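Student:
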Amino acid sequence: MKLETKILETDVLVVGGGTSGCYAALTLANQEDISIIVVDKANIKRSGCLAAGVNAINAYINKGYTPEDFVDYVKKEAEGIIREDLVYSIAKNLNQVTKNMESLGLTILKDSEGEYVTRGKRSIKINGENIKPMLAKEVNAKKNIKVLNKVNIIDYILKDNMVIGAYGFHVEENVFYVIYSKAVICTTGGASGLYKPNNSGFSKHKMWYSPFNTGAGYAMGIRAGAEMTSFEMRFIALRCKDTIAPTGTVAQGVGAEQVNAQGLEYVKNYGKPLTTIRLFATVEENNKGLGPCYLKTKGISKEVEEELYKAYLNMAPAQTLKWIEDDKGPSIENLEIEGTEPYIVGGHAASGYWVDTKRATTIPGLYAAGDVAGGSPKKYVTGCFVEGEIAANAAMKFIKDKENQFIEDKERCAKAIFLENFLRSDESTFSIDEVEEAMQKVMDEYAGGLSKNYLFNSTKLCIAKEKIDELLMLASDLRAKDMRELLQIFEVVDRLYVCKVLIIHLLKRKETRWKCYGENADYPQKNADMLKYVNTVYKDGKVQVVFRNLVKRDEVYEH
Ligand SMILES: Cc1cc2nc3c(=O)[nH]c(=O)nc-3n(C[C@H](O)[C@H](O)[C@H](O)COP(=O)(O)OP(=O)(O)OC[C@H]3O[C@@H](n4cnc5c(N)ncnc54)[C@H](O)[C@@H]3O)c2cc1C
Numbered sequence: 081m082k083l084e085t086k087i088l089e090t091d092v093l094v095v096g097g098g099t100s101g102c103y104a105a106l107t108l109a110n111q112e113d114i115s116i117i118v119v120d121k122a123n124i125k126r127s128g129c130l131a132a133g134v135n136a137i138n139a140y141i142n143k144g145y146t147p148e149d150f151v152d153y154v155k156k157e158a159e160g161i162i163r164e165d166l167v168y169s170i171a172k173n174l175n176q177v178t179k180n181m182e183s184l185g186l187t188i189l190k191d192s193e194g195e196y197v198t199r200g201k202r203s204i205k206i207n208g209e210n211i212k213p214m215l216a217k218e219v220n221a222k223k224n225i226k227v228l229n230k231v232n233i234i235d236y237i238l239k240d241n242m243v244i245g246a247y248g249f250h251v252e253e254n255v256f257y258v259i260y261s262k263a264v265i266c267t268t269g270g271a272s273g274l275y276k277p278n279n280s281g282f283s284k285h286k287m288w289y290s291p292f293n294t295g296a297g298y299a300m301g302i303r304a305g306a307e308m309t310s311f312e313m314r315f316i317a318l319r320c321k322d323t324i325a326p327t328g329t330v331a332q333g334v335g336a337e338q339v340n341a342q343g344l345e346y347v348k349n350y351g352k353p354l355t356t357i358r359l360f361a362t363v364e365e366n367n368k369g370l371g372p373c374y375l376k377t378k379g380i381s382k383e384v385e386e387e388l389y390k391a392y393l394n395m396a397p398a399q400t401l402k403w404i405e406d407d408k409g410p411s412i413e414n415l416e417i418e419g420t421e422p423y424i425v426g427g428h429a430a431s432g433y434w435v436d437t438k439r440a441t442t443i444p445g446l447y448a449a450g451d452v453a454g455g456s457p458k459k460y461v462t463g464c465f466v467e468g469e470i471a472a473n474a475a476m477k478f479i480k481d482k483e484n485q486f487i488e489d490k491e492r493c494a495k496a497i498f499l500e501n502f503l504r505s506d507e508s509t510f511s512i513d514e515v516e517e518a519m520q521k522v523m524d525e526y527a528g529g530l531s532k533n534y535l536f537n538s539t540k541l542c543i544a545k546e547k548i549d550e551l552l553m554l555a556s557d558l559r560a561k562d563m564r565e566l567l568q569i570f571e572v573v574d575r576l577y578v579c580k581v582l583i584i585h586l587l588k589r590k591e592t593r594w595k596c597y598g599e600n601a602d603y604p605q606k607n608a609d610m611l612k613y614v615n616t617v618y619k620d621g622k623v624q625v626v627f628r629n630l631v632k633r634d635e636v637y638e639h
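All residue numbers for the sequence shown refer to the working numbering, where the first residue is 81 and numbers rise by one.
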């Protein structure tokens with residue numbers, strides 16, 4: 081199959097039209113003489129983590145708290161390893177971006193005195209089912225933004241060690257895109273689907289994180305030689321069993337305790353009630369034969385039950401449907417909980433691009449924001465908006481007085497041939513699904529997956545490393561019969577690159593700092609010498625490791 085090549089030029093290219101991508105584009109669009117292209121593999125109206133909506137703003141500075149308190153909280157939760165400069169820059173702007181979203185039409189619940197209704201210390205309640213269509217409408221309305229829906233970006237275009245654009249292809253039409261830009265902002269979210277998930281077969285994509293965020297931004301950065309940080313701080317969600325819907329709505333919203341099969345509250349037996357400990361405690365109770373574990377909702381009033389039905393309809397409708405289908409709501413039956421498979425997500429944990437305080441990556445011309453950017457956990461929706469804004473402002477400064485740069489035709493044609501090779505009609509030995517399942521099995525069994533209670537050791541990780549490398553080789557022989565399958569090939573290849581780097585990060589953190597997220601059986605305790613960032617750079621086919629010192633709150637970090 082031959083692909084038609086389309087060449088486009090713009091000032092700033094935003095890769096991924098999700099939460100941070102849309103916000104970055106809107107920030108850029110304020111400067112009317114700048115042209116912007118936003119590219120998304122789906123349709124920005126309902127793409128990424130916000131597709132089904134959200135029911136709370138989880139990062140907000142409520143009355144009586146300060147941005148400094150927020151930094152302290154995130155640092156405590158991450159057991160001391162965060163980029164304080166990044167978290168602080170987010171914290172200072174959380175309330176402003178919330179206000180901006182309200183002015184765009186986001187419904188934020190208010191009490192009788194007109195104050196936002198809080199949900200815990202750092203969260204406020206919203207009606208956010210339509211948050212993504214609302215953002216997309218604003219982006220689509222801007223004259224200087226061109227949106228390319230259903231275009232999957234696969235790699236950056238590099239010249240003289242600078243990013244000067246990106247390659248992509250349409251997921252339905254036989255078109256290869258070459259997009260030149262003076263700066264690129266990567267906002268492709270985190271990576272799901274690396275590990276064997278909770279559900280199998282037809283329901284395998286019923287997972288917590290967006291199944292379409294496949295780590296493309298990480299993989300493109302890895303292949304281009306960008307420095308990555310903290311992949312070993314995986315994120316594992318404690319979720320409602322089967323539906324994998326978030327539990328915060330019940331835990332914080334209703335103040336429900338975690339109880340075991342005997343109805344006993346158990347988290348307190350395992351240490352401070354950090355997010356990691358809530359999960360670890362649940363895994364341990366099950367190991368001891370004291371499961372299933374639940375959020376204790378039995379006995380809540382019918383009014384509160386009704387509120388929960390509505391709250392989940394705003395974000396994870398499957399949970400409300402399950403309650404109704406079972407004809408047993410949370411007032412009658414406790415809500416069973418379980419851990420998910422591990423994800424790589426910079427918005428909940430700290431894995432992602434190593435950026436400076438302005439969100440510039442280590443490759444000139446390339447910026448990162450949102451779940452794909454590392455160092456600042458617990459950024460959630462509003463933190464992603466703030467990072468989108470910071471990256472956009474930095475990119476605007478960078479492109480001043482710059483001209484677009486181009487590559488030679490032969491380099492561009494080589495990339496088109498590389499794609500067409502996957503579209504040849506000969507059969508491949510393995511199917512795309514087989515490679516994906518093999519990868520998930522390897523990661524589950526040898527790199528601390530769900531079935532192994534998230535535990536790993538060096539011997540197992542070395543086996544995982546070898547097997548992931550073999551799968552990467554096999555994947556180069558995969559064949560696609562159409563553009564949709566070509567997308568699936570790139571998704572699995574990108575995930576394999578993320579796995580390859582993740583395994584090295586897990587190997588190099590010789591301690592257990594985060595229960596479950598990074599549970600190293602060879603080193604079951606914390607090690608004070610490991611109060612450092614584990615960073616990596618992929619060069620000449622090898623993942624090289626760099627240890628970096630912690631960055632403090634008031635520092636301005638430059639590469
Ligand atoms: C189920 C769930 C519930 C949540 N609930 C809340 C909540 O209640 N409150 C809260 O504050 N936070 C919540 N969060 C967290 C928050 O939604 C995320 O942190 C945030 O939306 C991530 O934004 P992002 O811009 O990094 O990624 P996304 O918004 O996911 O955007 C990534 C975009 O990149 C596109 N993309 C990916 N790869 C490519 C490619 N190769 N080429 C082109 N485009 C690509 C995707 O299609 C997507 O549109 C929740 C997250 C999840 C998963």
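Even glycine gets a Cβ: it sits at the ideal position worked out from N, Cα and C. Values in this document were obtained by computation on a predicted structure and should not be read as measured data.
With 16 other CB atoms within 10 Å as the buried threshold, where does V197 fall?
Tutor: The residue in question, V197, is exposed, as its Cβ has fewer than 16 Cβ neighbours within 10 Å.
Student: For F536, write down the residues that DSSP places opposite it in a beta bridge.
Tutor: Answer is N600.
Student: What is the residue span of the alpha helix (DSSP H) that N501 lies within?
Tutor: Element bounds for N501: D489 to F502.
Student: For L393, which residues of its own chain have a beta-carbon under 6 angstroms away from its beta-carbon, when the five flanking residues on both sides are left out?
Tutor: If we look at L393 and ignore the five residues flanking it on each side, its Cβ neighbours are T400.
Student: Quick one: is F502 buried, meaning 16 or more other Cβ sit within 10 Å of its Cβ, or exposed?
Tutor: It is buried - the Cβ of F502 has at least 16 other Cβ atoms within 10 Å.
Student: Cβ-heavy atom distance between S456 and ligand 3 below 7 angstroms?
Tutor: Within the structure as shown, ligand 3 is missing, the only ligands being ligand 1.
Student: Have a look at the DSSP bridge pairing and note the partners of K86.
Tutor: Partner(s): Y257.
Student: Count Cβ pairs between the region 585-602 and the region 565-576 that sit closer than 8 angstroms; are there 3 or more?
Tutor: No, they do not touch.
Student: Under 7 angstroms: does the beta carbon of K286 sit that close to some heavy atom of ligand 1?
Tutor: Incorrect: K286 has no Cβ contact closer than 7 angstroms to ligand 1.
Student: Locate the alpha helix (DSSP H) running through V363, then write down its first and last residues.
Tutor: Start and end: T355 to N367.
Student: Assuming E209 and W594 are in contact, meaning their beta carbons sit under 8 angstroms apart, how far apart are those beta carbons, in whole angstroms?
Tutor: 33 angstroms between Cβ atoms; not a contact.
Student: Please work out which residues of its chain come closer than 6 angstroms, Cβ to Cβ, to P444, disregarding the five sequence neighbours upstream and downstream, and give them in chain order.
Tutor: Hits under 6 angstroms: M242.
Student: So is the beta-carbon of T178 under 7 angstroms away from any non-hydrogen atom of ligand 1?
Tutor: Because no heavy atom of ligand 1 lies under 7 angstroms away, the Cβ of T178 does not count as near it: no.
Student: Around the C-beta of G98, are 16 or more other C-beta atoms found within 10 angstroms, so that it is buried, or is it exposed?
Tutor: Counting Cβ neighbours within 10 Å, G98 comes out buried, since at least 16 surround it.
Student: If you measure between the beta carbons of S456 and R163, is that distance less than 8 angstroms?
Tutor: Their beta carbons are under 8 angstroms apart, which means S456 touches R163 by this criterion.
Student: Could you pull out every residue in the same chain whose Cβ sits closer than 7 angstroms to the Cβ of K321, ignoring the five residues on either side in sequence?
Tutor: Only E416, I417 and E418 meet the Cβ criterion.
Student: Under a three-way DSSP split, which group does G200 fall into?
Tutor: Note: G200 maps to coil in three-state DSSP.
Student: Within the present structure, is the beta-carbon of F292 separated from the nearest heavy atom of ligand 1 by less than 7 angstroms?
Tutor: Because some heavy atom of ligand 1 lies under 7 angstroms away, the Cβ of F292 counts as near it: yes.
Student: Quick one: grab the DSSP three-state call for K190.
Tutor: Strand.
Student: Does the separation of the CB atoms of I39 and C596 fall below 8 angstroms?
Tutor: No statement about residue 39 is possible, as the shown extent of the chain runs from 81 to 639 and does not include it.
Student: Is H639 helix, strand or coil by DSSP?
Tutor: Correct three-state label for H639: coil.
Student: Any heavy atom of ligand 1 closer than 7 angstroms to the beta-carbon of A122?
Tutor: Checking every heavy atom of ligand 1 against the Cβ of A122, one is found closer than 7 angstroms.
Student: Quick check: does the Cβ of S100 come within less than 7 angstroms of any heavy atom belonging to ligand 1?
Tutor: Correct: S100 has its Cβ closer than 7 angstroms to ligand 1.
Student: Rounded to whole angstroms, what's the CA-CA distance from Q332 to G200? Just pull it up for me.
Tutor: About 6 angstroms.
Student: Residues in the same chain with beta-carbon distance under 6 angstroms from K495, minus the five sequence neighbours each way, listed in chain order, please.
Tutor: Y247, listed in sequence order.
Student: Going by beta-carbon coordinates alone, are P397 and W403 separated by less than 8 angstroms?
Tutor: In this structure, W403 does not lie closer than 8 angstroms to P397 by Cβ.
Student: If you reduce the DSSP assignment to three classes, tell me which class P213 lands in.
Tutor: P213 falls in the helix class under three-state DSSP.
Student: Can you tell me whether D451 sits near ligand 1, meaning its C-beta is under 7 angstroms from at least one heavy atom of the ligand?
Tutor: Yes, the beta carbon of D451 sits closer than 7 angstroms to at least one heavy atom of ligand 1.
Student: Run the proximity test for L266: is its beta-carbon closer than 7 angstroms to any non-hydrogen atom belonging to ligand 1?
Tutor: The identity of residue 266 in the sequence shown is Cys, whereas the question assumes Leu. C266 Cβ: outside cutoff for every heavy atom of ligand 1.
Student: With hydrogens ignored, establish whether the beta-carbon of P326 is closer than 7 angstroms to any heavy atom of ligand 1.
Tutor: Checking the Cβ of P326 against ligand 1 gives yes.
Student: A325: which of A132, N110, I141 and K561 sits nearest, CA to CA?
Tutor: With distances taken between Cα atoms, A325 lies closest to A132.
Student: Can the beta-carbon of A263 be found less than 8 angstroms from the beta-carbon of V92?
Tutor: Cβ atoms of A263 and V92: closer than 8 angstroms.
Student: Can you tell which of L88, M81, D152 and L83 has its C-alpha closest to the C-alpha of I487?
Tutor: It is L88.
Student: Rounded to the nearest angstrom, what separates K217 and G432 at their Cα positions?
Tutor: So the alpha carbons of these two residues sit roughly 29 angstroms apart.
Student: Going residue by residue through the region 212-292, where are the continuous beta strand (DSSP E) segments of at least 3 residues, counting only ones entirely within it?
Tutor: Counting whole runs of 3 or more residues, the region 212-292 contains the beta strand (DSSP E) stretches 225-228, 231-239, 242-250 and 255-266.
Student: Comparing alpha-carbon positions, which option in A139, E148 and D191 lies nearest T178?
Tutor: Nearest option by C-alpha distance: A139.
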